[in-house]
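Some notes on the structure that comes next.
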Amino acid sequence: MTRKVADCRRFPSESHCTLAISGEEEEVVRAAAEHAVSVHQHTDSPELRQQIRELLEDERIPAVPTAGPPPPEGEIFDL
């Protein structure tokens with residue numbers, strides 16, 4: 005299952021919020037709705053949760069380079 009992200013940085017706000025929430029879709033919608041109510045003074049409603057759901061994006065995880073084997077003992081490499 006693809007994790008979802010709700011990111012406040014995508015939307016202008018007076019508080020300049022930078023919160024990003026990621027996880028499974030239902031938990032992100034729930035947490036983002038709670039955040040929208042407590043921080044941005046929205047009213048929790050089915051319409052708010054639907055708007056949040058429509059704005060979710062798939063989480064993109066940056067590629068992490070894998071470490072290769074260590075160099076043979078005593079061998080010197082230029083960095």
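Count along the sequence shown from 1, then add 4; that gives the number in the working numbering. Yeah, the Cβ is synthetic: ideal placement off N, Cα and C, and Gly gets one too. Being a predicted model, the structure only gives us computed values, none of them experimental.
Taking a 10 Å sphere around the C-beta of V43, we find fewer than 16 other C-beta atoms and assign the residue as exposed. By alpha-carbon distance to D48, the top candidate from R57, I56 and A37 is A37. At a Cβ-Cβ threshold of 8 Å, S26 and V9 count as neighbours. Annotation for I25: the continuous beta strand (DSSP E) segment containing it runs A24 to G27. Distance from the CA atom of H39 to the CA atom of T22, rounded to whole angstroms, is 12 Å.
Cβ-Cβ distances below 6 Å link E29 to K8 in the same chain, with the five nearest sequence neighbours on each side left out; the list follows chain order.
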